[in-house]
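Under numbering that gives the first Met the number 0, the first residue of the sequence shown is numbered 0, with each subsequent residue one higher. Read the structure below first, then the notes.
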Amino acid sequence: MNTISTLARSRGSATLVALGMGIVLLIVIAGVRSFTSYRIQNTIIESRNLKALAIAEAGLAFVISELANNYNFLTHKVNPNLTWATAEDTSQTLKPDSTFNFTIRPATKGTYSGTFGDGEFKVRCGPIPYKDDPRTLNINEAKAFYYVESMGKIGDTVRIVRAVVQRRFPAREFLMYDGGFLSLVYGTPGLNNVNKFSTGHLYGHLGIEIGRILNTRQSPCTPGTNQELYDMNSIISGDGGIFLYNDIKAQFRARPGLPALDTYLRKNADFPLNGTYVSDDARRNGSYPAELLEADPPIHDPDKVLADRVKDKSAHVSIPPKPLPFEMYKKQATQGGIYLPSSACNQDYPVTQGWPSSGGNKIKVKVLDFGTQLRQGNVTIPANFNGVIFSDGPLVIKGNPPREVKIVSRKDIFVAGDFNQAGDPNAAAGGGQNPQRYGFPQNYDDNAMKNEDYTAASRALLNDDHDPTKFQHHKSATIVAHDRIVFDYRSPVDCFENELYPYMKYKIAEKLKDEASARNSILKISGTGGIQTNASEGAVVKNRIASFFEEFPLLDSSAETALADKFAQHRDNSGTIYNDADFDRLCKDVWKKYVELYESKKMERTSPSEGKFGVYKLLKALRNELRNGTGPNAPLKPDKSDDFLFYPEMTTNGMFISCGKRNREFYAGPDYIKLYDEIGSDETCVTTGVGLKHSDRGEMIHRMFGSEIRLELYSIPRITGGSYTEPTRRKLYDESLPRMTTDTGSLDYAAFRLVSWRDERVSLDAFNGF
Numbered sequence: 000m001n002t003i004s005t006l007a008r009s010r011g012s013a014t015l016v017a018l019g020m021g022i023v024l025l026i027v028i029a030g031v032r033s034f035t036s037y038r039i040q041n042t043i044i045e046s047r048n049l050k051a052l053a054i055a056e057a058g059l060a061f062v063i064s065e066l067a068n069n070y071n072f073l074t075h076k077v078n079p080n081l082t083w084a085t086a087e088d089t090s091q092t093l094k095p096d097s098t099f100n101f102t103i104r105p106a107t108k109g110t111y112s113g114t115f116g117d118g119e120f121k122v123r124c125g126p127i128p129y130k131d132d133p134r135t136l137n138i139n140e141a142k143a144f145y146y147v148e149s150m151g152k153i154g155d156t157v158r159i160v161r162a163v164v165q166r167r168f169p170a171r172e173f174l175m176y177d178g179g180f181l182s183l184v185y186g187t188p189g190l191n192n193v194n195k196f197s198t199g200h201l202y203g204h205l206g207i208e209i210g211r212i213l214n215t216r217q218s219p220c221t222p223g224t225n226q227e228l229y230d231m232n233s234i235i236s237g238d239g240g241i242f243l244y245n246d247i248k249a250q251f252r253a254r255p256g257l258p259a260l261d262t263y264l265r266k267n268a269d270f271p272l273n274g275t276y277v278s279d280d281a282r283r284n285g286s287y288p289a290e291l292l293e294a295d296p297p298i299h300d301p302d303k304v305l306a307d308r309v310k311d312k313s314a315h316v317s318i319p320p321k322p323l324p325f326e327m328y329k330k331q332a333t334q335g336g337i338y339l340p341s342s343a344c345n346q347d348y349p350v351t352q353g354w355p356s357s358g359g360n361k362i363k364v365k366v367l368d369f370g371t372q373l374r375q376g377n378v379t380i381p382a383n384f385n386g387v388i389f390s391d392g393p394l395v396i397k398g399n400p401p402r403e404v405k406i407v408s409r410k411d412i413f414v415a416g417d418f419n420q421a422g423d424p425n426a427a428a429g430g431g432q433n434p435q436r437y438g439f440p441q442n443y444d445d446n447a448m449k450n451e452d453y454t455a456a457s458r459a460l461l462n463d464d465h466d467p468t469k470f471q472h473h474k475s476a477t478i479v480a481h482d483r484i485v486f487d488y489r490s491p492v493d494c495f496e497n498e499l500y501p502y503m504k505y506k507i508a509e510k511l512k513d514e515a516s517a518r519n520s521i522l523k524i525s526g527t528g529g530i531q532t533n534a535s536e537g538a539v540v541k542n543r544i545a546s547f548f549e550e551f552p553l554l555d556s557s558a559e560t561a562l563a564d565k566f567a568q569h570r571d572n573s574g575t576i577y578n579d580a581d582f583d584r585l586c587k588d589v590w591k592k593y594v595e596l597y598e599s600k601k602m603e604r605t606s607p608s609e610g611k612f613g614v615y616k617l618l619k620a621l622r623n624e625l626r627n628g629t630g631p632n633a634p635l636k637p638d639k640s641d642d643f644l645f646y647p648e649m650t651t652n653g654m655f656i657s658c659g660k661r662n663r664e665f666y667a668g669p670d671y672i673k674l675y676d677e678i679g680s681d682e683t684c685v686t687t688g689v690g691l692k693h694s695d696r697g698e699m700i701h702r703m704f705g706s707e708i709r710l711e712l713y714s715i716p717r718i719t720g721g722s723y724t725e726p727t728r729r730k731l732y733d734e735s736l737p738r739m740t741t742d743t744g745s746l747d748y749a750a751f752r753l754v755s756w757r758d759e760r761v762s763l764d765a766f767n768g769f
């Protein structure tokens, strides 16, 4: 009985334990299920949060794309405290894409919204009302910063991104920008001349190299031309290093928080003469060795004064190149601009051997000559012109555009002479002649070879051009080539017109009377601009003008006789006084004939380098006039601001943007064999009959005022030959560019950088009310 009772009690205890364990197991299972459901729910919520954030980020990207396509894009005004003010007129340029369920809701005002994937976005953006800081000459802060709020919604989950976006305009901010490797190595072995780069930013996306000529085809040579930097702001490589092959003189401007600095950037690299390339062909034609692409040499900076001025990839200031909207440029040209189909590009333009041509060393182009103060052009601007000229074929441009202009080509653009620098025809004469009657006053404090830029008075004229109430000596001109922008300085008629014409007038006046009278009346700004001849009759005048043509021939006797007769007739009919207006009219007839005959007479010469045509002789005589001695090595006299004697320079003002990848003989490093996209004044021009060598190496100046932007995006045909003699280069940033007027809807090349970013979750009601 007791045994049975004990067994019963044992069975009862086991049952209770089993029940207890079952209850515990049920509790554990329930807990696990609850925890699993909680994790699943959290995962779902987190997934929705991430997707909503991705949609909000996409909305931000869409708005940045709209800003890139339309300079004036906005949805709202922004209050100073970064809250939204009134809704503004808006428009959309992006197109729907069903592949990604991307749509934009049509709207003419206010919030920008649409769908993307299985979500929705709403975005507001507008320029932050920020005052321009006059101390930062390269950036207009009033146009640089945008506030953006972008909401993304998945189901009932909403995330918002609040961001400040800095909009950068490389063509308006940078002196030189290269989407590949920026090379500041220009010049010739054995020369002691200096190329000068002045004012602003330098940027090379994959790296920057600066140095004097030390090699030829990556073998050592006699050191040559050096490079110097003046009034710089920043030197930046986005994704590479900065390589200095010798000590480089550098001056940095004062800016907020930093004083001016006059220093040397110390050598930090030796170029690897036996570097590693993908191929030997690449080595010869513009590629850089792995030793440079993968390196980041330290900048010598013991006093810590360069950290905010010289920035390599470790500074993380990256502005990568982006494609330009050529189709949108074309659309603007067809809707209020000038559109030039390929068939309009039908004029033969001589090029040297090695350039891609249509046969016979010629290509078919359209010449756009905007004219100057001394001659008429061939471009007719239509009424209500929107400023855009687009061509499907190659273009040649020269002269002074009458207004802001954007010139775009799907091929090459040749800048064939002075471009976009005019004198004020109504400038005060001050009792004498208008000091700008022949063009812009190209005056230097010392002389053109010693000074990197004009006098302060001349610079001020250009820097004031952003003020529409004043005469604009140059316009906001953007030149965009899908392939190459080529600086062509083979023609002294186009490159040196404003320098040669007043000197020609002086030499004619000298024939009519004497040297002293001609200098005082014609060359001196204080002069009358006319001349009183001491010739007794018209026949004597005719003989004297004939003697002028003996020195500076037209090589056309009938034209010379006809022009001499005009001067003689004035003496017989109007007396001894050739007043300013009459004398200028007669002299312009002479210059016009030089221009007309240049193409047919340019190749006549007494020796391979001595042209017979009068323009070449005028150029040589002018240079000798400006020197203490004769020959290209004689030092220049001090420049004077009280006369019309200007050193011959080709002046090109604008934002020059090319998209083609470098594809001609171009050796990396401090190498002489770097063939840039230039034509002119070289024996290769002589042998192909496109022009004589009018200047020795370094003797002429090419002054590029503005910016030079190479995006390095597209493969383009190779050029297999050299075709120019190196000028002395002056690449100078135009401080008025950030403040120049930009047309509504203008397609300025822009890049964007996030300055600040914050995201958070908001309610569905906030989304619905946004």
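From the three backbone atoms N, C-alpha and C, an ideal C-beta is built for every residue, glycine too.
State yes or no: is the C-beta of residue i nearer than 7 Å to some heavy atom of the ligand GDP?
i      : result
Phe369 : Only the bare structure without any ligand can be found here, which leaves the ligand GDP out of the picture.
Take residue i and list the residues in its own chain whose beta-carbon comes closer than 7 Å to its own, dropping the five residues that flank it on each side.
i      : result
Arg458 : Asp452
Thr743 : Confidence in Thr743 is poor, its pLDDT being 46 and thus under 50, which makes the residue's placement too unreliable to answer from.
Gln352 : Asn360, Thr683, Thr687, Gly720
Gly526 : Gly431, Gln432, Asn519, Ser520
Ala765 : Val157
For residue i, name the three-state secondary structure that DSSP assigns.
i      : result
Ser197 : strand
Arg543 : helix
Val614 : helix
Thr2   : Model confidence at Thr2 stands at a pLDDT of 49, short of 50, so the residue's coordinates are unreliable and nothing is read from them.
Asn225 : strand
His465 : helix
Arg161 : strand
Gly336 : coil
Met602 : coil
Phe180 : strand
Ala259 : coil
Gln250 : strand
Leu635 : strand
Ala569 : At residue 569 the sequence reads His, which differs from the Ala that was named. The answer is helix: DSSP assigns His569 an H, G or I state.
Met448 : coil
Pro219 : strand
Glu664 : coil
Ala294 : coil
For residue i, which residues in the same chain have their Cβ closer than 8 Å to its Cβ, ignoring the five residues on either side in sequence?
i      : result
Pro328 : Residue 328 is actually Tyr in this sequence, not Pro. These residues qualify, in order along the chain: Val387, Phe389, Lys405, Val407, Val479, Leu746.
Asp758 : Leu52, Ala55, Arg158, Ile159, Val160, Arg161
Arg402 : Ile380, Phe384, Gly386, Lys474
Does residue i pass the burial test, meaning 16 or more other C-beta atoms within 10 Å, or should it be called exposed?
i      : result
Ser218 : exposed
Phe495 : buried
Lys303 : exposed
His315 : exposed
Trp590 : buried
Leu674 : buried
Tyr443 : buried
Glu648 : buried
Any idea which residues DSSP pairs residue i with across the strands?
i      : result
Val395 : Val366, Phe413
Ile507 : For Ile507, which the question treats as bridged, DSSP gives no partner whatsoever.
Ser342 : Paired residues: none, contrary to the question.
Thr102 : Thr114
Going by beta carbon distance, what residues of the same chain come within less than 6 Å of residue i, once the five residues before and after it are set aside?
i      : result
Asn192 : Thr224, Gly697, Thr727
Gly392 : Ser341, Cys344, Lys410
Glu559 : Phe548, Leu553
Ser441 : Per the sequence shown, residue 441 should be read as Gln rather than Ser. Closer than 6 Å at Cβ, skipping near neighbours: Phe645.
contact_flag[the segment 594-614, the segment 670-681] where n(CB pairs < 8 Å) is 3 or more | No contact exists between the segment 594-614 and the segment 670-681.
Flag this pair as touching only if the segment 117-129 and the segment 718-728 have three or more C-beta atom pairs under 8 Å; answer yes or no.
-> They do not touch, by the three-pair rule.
Quick check: the segment 258-272 against the segment 161-175, are there 3 or more CB pairs under 8 Å?
-> Result no; under three Cβ-Cβ pairs closer than 8 Å.
Say whether the segment 730-739 touches the segment 171-184, bearing in mind that this needs 3 or more beta-carbon pairs closer than 8 Å, one atom from each stretch.
-> Verdict: yes, contact present.
Is the number of C-beta pairs between the segment 700-714 and the segment 650-662 that are closer than 8 Å three or more?
-> They touch, by the three-pair rule.
Can we say the segment 87-103 touches the segment 146-155, given the rule of at least three CB pairs closer than 8 Å?
-> Below 8 Å, too few C-beta pairs join the segment 87-103 and the segment 146-155 to call them touching: fewer than three.
Inter-stretch contact (C-beta, 8 Å, three-pair minimum) for the segment 192-209 and the segment 308-326 = Touching, per the Cβ criterion.
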